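Going left to right, the sequence shown walks through residues 58 to 310 as the numbering used here numbers them.
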Amino acid sequence: MVKEVRYVFIEGDVYLQMAIDEALLYLRSKDLIPDTLRLYVIKPSAITIGYFQSVSRCLNLELVKERDIDFTRRITGGGSVYHDENGEITYAFITKAENLPKEPEEIFRVITRGVVEAAKYLGADAEFVPLNDVVIGGRKFSGQAMTIKFGTVLQHGTFMYDTDLDLLSKVLQVPLAKLKTKGVVNIRSRVITISESIGRKVSKEEAIEALKKGFSKALGIKLVETSLTPLELDLAKSLRYKYMSGKWKFLRP
Numbered sequence: 058m059v060k061e062v063r064y065v066f067i068e069g070d071v072y073l074q075m076a077i078d079e080a081l082l083y084l085r086s087k088d089l090i091p092d093t094l095r096l097y098v099i100k101p102s103a104i105t106i107g108y109f110q111s112v113s114r115c116l117n118l119e120l121v122k123e124r125d126i127d128f129t130r131r132i133t134g135g136g137s138v139y140h141d142e143n144g145e146i147t148y149a150f151i152t153k154a155e156n157l158p159k160e161p162e163e164i165f166r167v168i169t170r171g172v173v174e175a176a177k178y179l180g181a182d183a184e185f186v187p188l189n190d191v192v193i194g195g196r197k198f199s200g201q202a203m204t205i206k207f208g209t210v211l212q213h214g215t216f217m218y219d220t221d222l223d224l225l226s227k228v229l230q231v232p233l234a235k236l237k238t239k240g241v242v243n244i245r246s247r248v249i250t251i252s253e254s255i256g257r258k259v260s261k262e263e264a265i266e267a268l269k270k271g272f273s274k275a276l277g278i279k280l281v282e283t284s285l286t287p288l289e290l291d292l293a294k295s296l297r298y299k300y301m302s303g304k305w306k307f308l309r310p
């Protein structure tokens, strides 16, 4: 029998979205909610940075302020991400750690197959590159981040179907040394979108449908669409203030 997994879609600002992910991680650890696949649009467009990152090293803060772009820190590791409300879908998958391999790289590999399959549904020849990237022709269109707490895994990641890559390359900063390990000298030449790779514009609706099909196939699950419960929303709303605070954002200046 194919396992049923709850599916939720929601649009909202970056502070609420990060708070929801943390709320679901905690509630799943207490067995108060089932395994969940969540797709979401961060609206308005915003930036998230990894838990261990320095704000001044990964963001062009002057431009971020000039463009009035919100940003916050995630509870997961990984790098900085520009979430384009008109060109990127974020996914989050929450399950008990016992359901997955023990090694982080293998967890990434298992869950990220959903992204690879989604891209293939849209006609892109995507592949997973350890530790946590998905690329098309060597160029990245999806990055993943993870945390394991309370015996529960939260993995979330990006799906850039039509992101404004010129703006992305201006607001994010990546050390030249890291770029050189990828064989490039600037961010713009390192990244790609699904639309760019297949030569036609992909819509938000297409991207969402592809992700639903991709994760269903990759994980062997049947998605059951539902909404967030009052318990989840109440906890997320209380956590939202943390993600808005300067203390959290600049935890590592």
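Positions of the beta carbon are idealized from the N, C-alpha and C atoms, including for glycine.
As the structure is a prediction and not an experimental result, all values here were calculated from the model.
Return the CA-CA distance between residue i and residue j, expressed in angstroms with no decimal places.
| i | j | result |
| --- | --- | --- |
| Asp125 | Tyr300 | 17 angstroms |
| Ser14 | Val65 | Nothing in the structure corresponds to residue 14, since the chain is present only between 58 and 310. |
| Val281 | Arg196 | 33 angstroms |
| Pro91 | Gly171 | 19 angstroms |
| Thr105 | Pro161 | 21 angstroms |
| Arg95 | Gly256 | 28 angstroms |
| Ala267 | Ile146 | 11 angstroms |
| Lys159 | Ser226 | 35 angstroms |
| His140 | Lys100 | 8 angstroms |
| Ala154 | Ala175 | 24 angstroms |
| Phe150 | Gln212 | 5 angstroms |
| Asn243 | Leu222 | 12 angstroms |
| Gly271 | Met217 | 15 angstroms |
| Pro187 | Thr169 | 10 angstroms |
| Leu82 | Phe198 | 25 angstroms |
| Leu290 | Leu84 | 11 angstroms |
| Asp88 | Asn189 | 28 angstroms |
| Ser260 | Lys122 | 29 angstroms |
| Pro232 | Phe207 | 33 angstroms |
| Leu118 | Tyr298 | 21 angstroms |
| Leu116 | Leu224 | 12 angstroms |
Thinking residue i and residue j are a contact (beta carbons under 8 angstroms), I'd like their distance in whole angstroms, please.
| i | j | result |
| --- | --- | --- |
| Phe165 | Gln201 | 6 angstroms |
| Ser86 | Thr204 | So it is not a contact: roughly 11 angstroms between Cβ atoms. |
| Val191 | Val173 | 6 angstroms |
| Lys274 | Glu61 | Their Cβ separation, rounded to whole angstroms, is 15 angstroms, which puts Lys274 and Glu61 out of contact at 8 angstroms. |
| Pro310 | Val112 | 6 angstroms |
| Glu263 | Leu179 | 7 angstroms |
For a quick check, are the C-beta atoms of residue i and residue j less than 7 angstroms apart?
| i | j | result |
| --- | --- | --- |
| Ser137 | Leu73 | no |
| Ala293 | Ile77 | yes |
| Ile265 | Ile193 | no |
| Gly107 | Gly69 | no |
| Asp219 | Ser252 | yes |
| Asp127 | Val59 | no |
| Lys304 | Thr129 | no |
| Asp245 | Lys239 | Here the sequence assigns Arg to residue 245, which means Asp is not the residue at that position. In this structure, Lys239 does not lie closer than 7 angstroms to Arg245 by Cβ. |
| Thr93 | Arg114 | no |
| Ser102 | Glu163 | no |
By Cβ distance, which residues of its chain are closer than 6 angstroms to residue i, with the 5 residues on each side in sequence left out?
| i | result |
| --- | --- |
| Glu79 | Ile132, Leu296 |
| Tyr97 | Ile67, Gln74, Thr147 |
| Ala181 | Ile193, Ile251, Ser254, Ile255 |
Tell me residue i's beta-bridge partners as DSSP assigns them.
| i | result |
| --- | --- |
| Asp291 | Asp291 pairs with nothing; no bridge assigned. |
| Phe150 | Leu94, Gln212 |
| Gln230 | Note: Gln230 sits in no beta bridge, so no partner. |
| Gln74 | Answer is none; Gln74 lacks a bridge partner. |
| Glu61 | Lys279 |
Within 7 angstroms of any Cβ in chain C, is that where the Cβ of residue i sits?
| i | result |
| --- | --- |
| Gly171 | Going by chain labels, chain C is absent from the structure shown, which holds only one protein chain. |
With a CB to CB cut of under 8 angstroms and the five nearest residues on each side skipped, what residues in its chain are close to residue i?
| i | result |
| --- | --- |
| Lys352 | The displayed coordinates of the chain run from 58 to 310. Any statement about residue 352 would go beyond what the structure contains. |
Which residues in the same chain have their Cβ closer than 7 angstroms to the Cβ of residue i, if we skip the five residues on either side of it in sequence?
| i | result |
| --- | --- |
| Lys318 | Given that the chain is displayed from residue 58 to residue 310, the structure contains no residue 318 and the question cannot be resolved. |
| Leu308 | Arg130 |
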